[in-house]
Amino acid sequence: MVLGVYCVGMAVCVPVLVFKLIHRQIVADDNEAHERYLRLKETEYLLDLNSHWDHGHIWLFSSYKRSLLRVYHRPILFAVKFIMVLVYSCFPTLSFIPQSERNMTQAMIVCVALLFVTILTWVRKLYRCYSTWLLQQAFFWNMCAYSLIAAIKTVEGYNSVFLVDATLSLILISIHMAIGIFIGIVLLICMGRSALRGLWPVTLEDADEIAMEHEDVVHDLQLAKRMLEEYGVTNRRYIPVDRVQAMMQNLEYHLNATRKYDHPFHWTVVDVLEDITDLYAEVKAMSYLPHPALEGVLIPLQKALRARRQELVLMNPKKRRILLKLVALRALCGKYLTEFDVAPLDDRYALPSGETPDYLSLPLIGVTTPKMGNRKSLLLSLGQQDEAQQRLLDPSAQLLPEGPDVSPDISPTRIGRPSDEEEDHAEVEPENADLLGEQADDEAGYEGEEEEEEEYDYGEGDEEEEEEAEEEEGEEEQPDEEEGEGEQEGGQEEDD
């Protein structure tokens, strides 16, 4: 009982709901205006101005004509199906009616319902495409033939030579062959026509002609749709406000022009302008762009980080974040650290074969943080460090080498200033650069060996080696500030 009530409720609610959805979206009262509206929507879809074809439930009525309730064919067909299901489910429960009468009544009701729908669709051509209407007629006339034969067989006391099983089988085979030949002819005609011109009312050729007639409006609408798709998956903080504002102003100009001259794309401009206005309201309150210190670096940096993230997708998340930060650091410095064997992120920064970068010939210094320790020092060249400091102190400085103009996309990371000790080391004369570079490498290797010995020998009580190591570290960390540059160089040679 509950299942029957549920089925009846669904069968009644579905046709009513579909009828309301169709009635709500219809904007024209006659066939010509309705056809013009549908052709406009199809043109928008072919020109990529409307990527959501099912928007507004247009697919419920876009295949049908407008007058004589043809646009409401779907809910009418749903109601007919409901009647057939109701008949088949209710008649077997009527036990007070003889079995033969129940079968005959049931077959006659189904036959009349199918015949009504078939004749109704034959008199008034439903579909906008003629080939679709022919295939629909072939299907419904086939169903009518089956229901008519079933109704004749259920009539009590009626005997005919055509109802013998052998003869009836031949009749059904003939019906199937006739329908198959008819469908084959229709398909051949459709294939021949589609080879010359598309069957749909609006083809690509028609859309191209409309696009050429209204080139300015179509071009700006396409750009606006692409902007919405691109910025829809972008962080609102890194969307340039000036671009969105310029697009909004262009669409406002087109809106006034289309309203004045009754343009066919007037409502399309209205829809896109609403989306762009909403995007502008969100971006204006959150975006960092435009900014002079960020221009020209964000898009290439974002592309590099996305590509490297895909390459490191199988790595540990913590290590992946560290490596991505190093990529951002190299991109912001403009030159890349040689200790990480990574190719340049952009071909514009690649050096010709056989040429040595300038920063490889400069002396190297050690940058040590309290958490990293001496063995995990990061080697930076003097040229890189000075260049990074200058760029961070000067917001108007360009963060990347000269190249083609690019648009911003994400913000750079903060790079800290070096310590006072590192600045003192950075004041070395250029003529001793090679020598100090070798000294720095030797000292780094020597300190690494001493630390390994300390880790394993301190537990055995070798106090003399501990004192010597502490004295050497104290001498290195506290240089005599009163002595001149020449005395500093001499002290480093004595330590070696």
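What the sequence shown shows, in UniProt numbering, is residues 1 to 496, in sequence order. Positions of the beta carbon are idealized from the N, C-alpha and C atoms, including for glycine. These figures come from a predicted structure and were not determined experimentally.
Candidates the options, of which the one nearest residue i by Cα
| i | options | result |
| --- | --- | --- |
| Ile76 | Phe162, Thr121, Trp141 and Thr277 | Thr121 |
| Leu126 | Ile26, Ile171, Ile119 and Arg70 | Arg70 |
| Cys190 | Thr118, Trp133 and Asn159 | Trp133 |
| Met108 | Tyr6, Tyr130 and Ala150 | Ala150 |
| Ala11 | Leu221, Thr154, Ala79 and Arg124 | Ala79 |
| Asp30 | Leu273, Gly180 and Tyr64 | Tyr64 |
| residue 505 | Leu301, Pro317 and Val14 | Any question about residue 505 goes unanswered here, given that the chain covers just 1 to 496. |
| Ala246 | Trp267, Val123, Val16 and Met227 | Met227 |
| His291 | Leu115, Asp242 and Leu46 | Asp242 |
| Ile210 | Leu49, Lys20, Gly180 and Val16 | Leu49 |
| Tyr238 | Ser89, Gly192, Tyr288 and Met315 | Tyr288 |
| Met84 | Lys319, Ala281 and Cys7 | Cys7 |
| Val16 | Glu32, Phe82 and Val5 | Phe82 |
| Met104 | Leu188, Met315, Thr154 and Arg74 | Thr154 |
| Val272 | Tyr261, Val244 and Lys260 | Val244 |
| His214 | Ala166, Asp165, Val269 and Gly184 | Val269 |
Pair within 8 angstroms by beta-carbon distance, residue i and residue j
| i | j | result |
| --- | --- | --- |
| Ile175 | Ala145 | yes |
| Leu40 | Ser62 | no |
| Val217 | His254 | yes |
| Arg236 | Val202 | no |
| Val117 | Phe139 | no |
| Tyr72 | Ile119 | no |
| Ser160 | Cys111 | no |
| Leu221 | Phe265 | yes |
| Val87 | Ser131 | no |
Sequence-distant residues of its chain with Cβ nearer than 8 angstroms to residue i (five each side left out)
| i | result |
| --- | --- |
| Phe162 | Leu168 and Ile171 |
| Leu324 | Leu305, Arg308, Arg309 and Leu312 |
| Gln25 | Gly56, His57, Ile58, Leu60 and Phe61 |
| Thr277 | Met248 |
| Leu94 | Arg102 |
| Leu135 | Ile183 and Val186 |
Residue i, buried or exposed, once every other Cβ within 10 Å from all chains shown has been counted against 16
| i | result |
| --- | --- |
| Arg66 | buried |
| Thr258 | buried |
| Pro240 | buried |
| Gln99 | exposed |
| Cys13 | exposed |
| residue 514 | Here the chain comprises residues numbered 1 to 496, so residue 514 is not present and cannot be evaluated. |
| Arg128 | buried |
| Gly9 | exposed |
| Pro395 | Because the pLDDT of Pro395 is 46, which lies under 50, any placement of that residue in the model is unreliable, and the question is left without a value. |
| Thr43 | buried |
| Val18 | buried |
| Tyr231 | buried |
| Leu224 | Just to set this straight, residue 224 is Ala in the shown sequence, not Leu. Ala224 is buried by the Cβ-count criterion. |
| Leu351 | Note that Leu351 has pLDDT 48, beneath the 50 cutoff, so the model's placement of it is unreliable and the number below is only indicative. Burial call: exposed. |
| Val5 | exposed |
| Arg124 | exposed |
| Lys20 | exposed |
| Leu298 | buried |
| Leu294 | buried |
Cβ neighbours of residue i in the same chain (closer than 6 angstroms, five flanking residues each side left out)
| i | result |
| --- | --- |
| Phe91 | Arg102 and Gln106 |
| Met143 | Leu114 |
| Ile179 | Ala138 and Asn142 |
| Asp275 | Leu228 |
| Arg320 | Leu312 |
Cut-off 7 angstroms between Cβ atoms - residues of its own chain near residue i, not counting five sequence neighbours on either side
| i | result |
| --- | --- |
| Leu46 | Val202, Leu204 and Ala207 |
| Ala28 | His34, Tyr37 and Arg66 |
| Glu449 | For Glu449, the predicted structure reports a pLDDT of 47, less than 50, and the residue's modelled location is therefore unreliable. A value from the coordinates is still provided. So no residue of the chain qualifies. |
Given 8 angstroms as the limit, is there contact between the region 240-254 and the region 205-213, that is, 3 or more CB pairs closer than that? no
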